[in-house]
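Everything below concerns the one structure shown next.
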Amino acid sequence: MRIDKKQIASHNDKYLQQHQQRFSFSKTEIENADAIIQKLVEFQVAIPSWALGTGGTRFGRFPGPGEPGNLEQKMEDVGLLHALNRSSGAISLHIPWDIPKDYAAVKKLAAELELRFDAVNSNTFQDQPGQPLTYKFGSLQNVNKAIRKQAIEHNIDVIKHGVALGSESLTVWLADGSCFPGQLNFRKAFQNTLESLQEIYAVLPDNWKMFVEYKAFEPNFYSMSVGDWGQSLLYANKLGPKAYTLVDLGHHLPNANIEQIVSLLLMEGKLAGFHFNDSKYGDDDLTVGSIKPYQLFLIFNELVEGMDARGMNHAKDLGWMIDASHNVKDPLEDLLQSVEAIMMAYAHALLIDRVKLNAAQDANDVVAAQEVLKNTFHTDVRSLVAEARLRSGGAINPLQFFRDEKIREELTKERGTTTIATGL
Ligand SMILES: [Mn+2]
Numbered sequence: 311m312r313i314d315k316k317q318i319a320s321h322n323d324k325y326l327q328q329h330q331q332r333f334s335f336s337k338t339e340i341e342n343a344d345a346i347i348q349k350l351v352e353f354q355v356a357i358p359s360w361a362l363g364t365g366g367t368r369f370g371r372f373p374g375p376g377e378p379g380n381l382e383q384k385m386e387d388v389g390l391l392h393a394l395n396r397s398s399g400a401i402s403l404h405i406p407w408d409i410p411k412d413y414a415a416v417k418k419l420a421a422e423l424e425l426r427f428d429a430v431n432s433n434t435f436q437d438q439p440g441q442p443l444t445y446k447f448g449s450l451q452n453v454n455k456a457i458r459k460q461a462i463e464h465n466i467d468v469i470k471h472g473v474a475l476g477s478e479s480l481t482v483w484l485a486d487g488s489c490f491p492g493q494l495n496f497r498k499a500f501q502n503t504l505e506s507l508q509e510i511y512a513v514l515p516d517n518w519k520m521f522v523e524y525k526a527f528e529p530n531f532y533s534m535s536v537g538d539w540g541q542s543l544l545y546a547n548k549l550g551p552k553a554y555t556l557v558d559l560g561h562h563l564p565n566a567n568i569e570q571i572v573s574l575l576l577m578e579g580k581l582a583g584f585h586f587n588d589s590k591y592g593d594d595d596l597t598v599g600s601i602k603p604y605q606l607f608l609i610f611n612e613l614v615e616g617m618d619a620r621g622m623n624h625a626k627d628l629g630w631m632i633d634a635s636h637n638v639k640d641p642l643e644d645l646l647q648s649v650e651a652i653m654m655a656y657a658h659a660l661l662i663d664r665v666k667l668n669a670a671q672d673a674n675d676v677v678a679a680q681e682v683l684k685n686t687f688h689t690d691v692r693s694l695v696a697e698a699r700l701r702s703g704g705a706i707n708p709l710q711f712f713r714d715e716k717i718r719e720e721l722t723k724e725r726g727t728t729t730i731a732t733g734l
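In the working numbering, the protein residues as written are 311 to 734.
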């Protein structure tokens, strides 16, 4: 289904007065509101195709109605989000779950929905039907060369699909690792992984980037072959200039200082991909900003500061993506909340008085430095984010629109109650 622009206009009419009151108050507090709004308008967060349906846990899955059942419907869902918030103008595909049958038709649909194709994602964490060799004991790291070869060829295949769609990056997340001490020789596992990545890197088009994603644990529980940012950076440095580290917020051990990791990776010019989510314990796949919004703000502070230091374009020079799964919420509602949380954290980071912060840092004035961050964090930027949406043709309150217009009910009428969005 597509959202009618008239529907959005009448929604905005209804909430305009209230919004304007809030916004005019915010402008009294925020000096450079228009410049911040312009940056918010430009900022886009990619939606992964696997986040559009109900995820599950290893104990079960409780599907919701009206899930997208094919690639075209997944794209329509992202188009729907983008129509409402004007900040979700990209989709990230998962191969083999989303193999396009007709590239031209898929590209045409993307153009109609004003979407571009973000990073393509390979999958060697599960065996596909008919696949000759199993990834039970790893893929790119496997002691068996034939298995490594199969995994390399899969990644090359993913690049080909991406090229055909106009994508410009490959994300490699490996489930590889070991569950028990003694199972793996760490050095051999690293070498095998590196050699496999080198073969994939060799066929990467010149304008492409390879994102090496790391994860501390799960599905392997003793060691992971790309377990932390140090290992990812090691691979990226050895691979070459087109390889970068990807930071997924949920892929750290508890209490890791992610903001510091981000700062140093940017300093090294080796951060290029970013996955948003939130967690209380581990890789919990919770809505970004739902548990630790202050940490999200601190991370964005470093992202903005570090990107500015290198003259990077906030909107274009990093691959921003949500990577979460929804067990109990409507996926589209969750994604609207997620994008809202990201935009707020970004707006807050843009709001920081850097002159004041730098002066406080240089004077060892710990209290003043903390005050700059705290005061910024407590400034209400919701109306700024809403104004950015309004100026770019979106809805003042996307979530309210989704409920008022009974979007899920409409999708359910169209698709039924048994469609499944993910390949898990
Ligand atoms: Mn991820």
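For every residue, glycine included, the Cβ atom is placed at its ideal position computed from N, Cα and C.
Relative to ligand 1, the beta carbon of E523 is positioned inside 7 Å of a heavy atom. If you measure from each CB to the nearest heavy atom of ligand 1, the residues under 5 Å come out as D558, H585, D633. Judged by DSSP in its simplified three-state form, Y554 adopts strand. Inter-segment contact for the region 613-620 and the region 565-576 is present: three or more beta-carbon pairs are separated by less than 8 Å. Looking from the CA of D486, the closest CA among N517, Q436, H471 belongs to Q436. G370 carries a strand assignment under DSSP once its states are collapsed to helix, strand and coil.
In this structure, DSSP gives P358 an extended state, which the three-state scheme calls strand. Beta-bridge partners assigned by DSSP to F521: T481, Y554. Per DSSP, V572 has no beta-bridge partner at all.
Our two residues, K723 and A669, have alpha carbons roughly 59 Å apart in a direct line. In the structure shown, R396 falls within a coil segment according to DSSP collapsed to helix, strand and coil. Annotation for L581: the continuous beta strand (DSSP E) segment containing it runs 581-586. The alpha-carbon of A619 is positioned some 12 Å away from that of E578.
The straight-line gap separating the alpha-carbon atoms of M617 and Y656 is approximately 13 Å. H624 sits in coil when the DSSP states are folded into three classes, being neither helix nor strand.
Rounded to whole angstroms, the gap between the alpha carbons of H562 and A319 is 42 Å.
Counting along the chain, M654 sits inside the alpha helix (DSSP H) bounded by residues 641-661. Secondary structure at L403: coil, using DSSP grouped into helix, strand and coil. When secondary structure is reduced to three states using DSSP, S635 falls in the coil class, being assigned neither helix nor strand. Here S397 has F353, Q354, V355, V649, M653 as same chain residues with Cβ atoms under 7 Å from its own Cβ, once five neighbours each way along the sequence are excluded. For M534, the beta-bridge partners assigned by DSSP are G487. Contact fails between the region 337-344 and the region 415-427, because fewer than three Cβ pairs, one in each stretch, are under 8 Å apart.
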